[in-house]
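Take a look at the structure below.
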Amino acid sequence: GVGTLDLIDDDRVCLTNLNQQIFATRRTVSKYKVDAAEERLHEICPQTIINKHKCFYLPSTAELFDFTEYDYVIDAIDTVTGKLEIIMRAKEAGTPVISCMGAGNKVDPTALRVSDIYKTSVCPLARVMRKELRKRGVKNLKVVYSEEAPIKPFEDMSISCRNHCICPPDAQRKCTDRRDIPGSNAFVPSAAGLIIAGEVVKDLISFDPENRTT
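Counting from 1, one number per residue, gives the positions in the sequence shown under the numbering used here.
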């Protein structure tokens, strides 16, 4: 199995995470996500080494990480700036990287695809990433994206986190401060995550679909 994981996030578990992240429960609400994830992962596989970094991955924090030490990098960042930085650092280090495109405001997990970034379609985030990566000379990038057009969710303000935010006062990116919070359900983001995990493991073991005994 996977021996060591580095988890990078300064966010805390919010009510909006309960339906999409396995470590997000009523009990872990307001905990740092990396702490909640470590606890859940060790319940599954106690021997896995978890390195936690309570920060957002941005150009200002990129120097904290040596990408030559990693066997694989997963980009699940939700800001273009952070995504571009982590992808470029991984490429420069020669470390394999896979990037998740937009999974919010989607309802069809069967529309998820694994592809090169330049062969993607429909996804608005992928369109922006194609443009920015092309400008930076990136020739290829494995991504998971959805061919489903995003829908506009209905926000019920009576239960919205904008009016009922439980984030700690010192939390960054509080629900009340964020400009737009994409709607997510239990079955699209999680499916994207499982696909990414599968791609990483297959790449690490050089899985050959033509040789099922690998």
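Backbone N, C-alpha and C fix where the C-beta goes; we use that ideal spot for every residue, glycine too.
Coil, strand or helix - residue i by DSSP
i: Lys52; result: strand
i: Tyr32; result: strand
i: Lys139; result: coil
i: Val97; result: strand
i: Val144; result: strand
i: Arg89; result: helix
i: Ile8; result: strand
i: Ser190; result: helix
i: Ile74; result: strand
i: Arg113; result: strand
i: Glu210; result: coil
CA-to-CA distance, residue j to residue i, given in whole angstroms
i: Phe207; j: Asp71; result: 15 Å
i: His53; j: Leu7; result: 6 Å
i: Ile44; j: Ala76; result: 22 Å
i: Val2; j: Phe56; result: 23 Å
i: Ala186; j: Leu204; result: 28 Å
i: Leu18; j: Arg27; result: 10 Å
i: Val34; j: Pro209; result: 34 Å
i: Glu38; j: Asp9; result: 12 Å
i: Gly198; j: Lys91; result: 21 Å
i: Pro182; j: Arg127; result: 17 Å
Presumed contact (8 Å Cβ cut-off) between residue i and residue j, rounded CB distance
i: Ile117; j: Leu133; result: 6 Å
i: Cys100; j: Ala192; result: 6 Å
i: Ser115; j: Val143; result: 6 Å
i: Lys83; j: Met129; result: 7 Å
Contacts around residue i, its chain only, beta-carbon distance under 6 Å, and the 5 residues preceding and following it disregarded
i: Pro189; result: Gln20 and Ala103
i: Leu138; result: Reading the sequence as shown, one finds Val at residue 138 and not Leu. Taken in chain order, the list of residues that qualify is empty.
i: Thr79; result: none
i: Ala93; result: Phe67 and Thr68
Nonlocal neighbours in the same chain, by C-beta distance under 8 Å from residue i, ignoring five residues either side
i: Ala62; result: Glu85, Ile86 and Arg89
i: Lys31; result: Arg12 and Val13
i: Asn140; result: Asp116, Ile117 and Tyr118
i: Ile195; result: Leu112, Val114 and Val144
Neighbourhood of residue i by C-beta distance below 7 Å, restricted to the same chain and skipping five residues each side
i: Val222; result: In the structure as shown, the chain begins at 1 and stops at 214. Residue 222 is therefore absent and cannot be evaluated.
i: Lys106; result: Ser146, Glu148, Pro150 and Val188
Residue i and residue j closer than 8 Å at C-beta
i: Thr120; j: Tyr145; result: yes
i: Ile49; j: Thr4; result: yes
i: Arg12; j: Phe23; result: no
i: Arg113; j: Glu147; result: yes
i: Leu58; j: Thr81; result: yes
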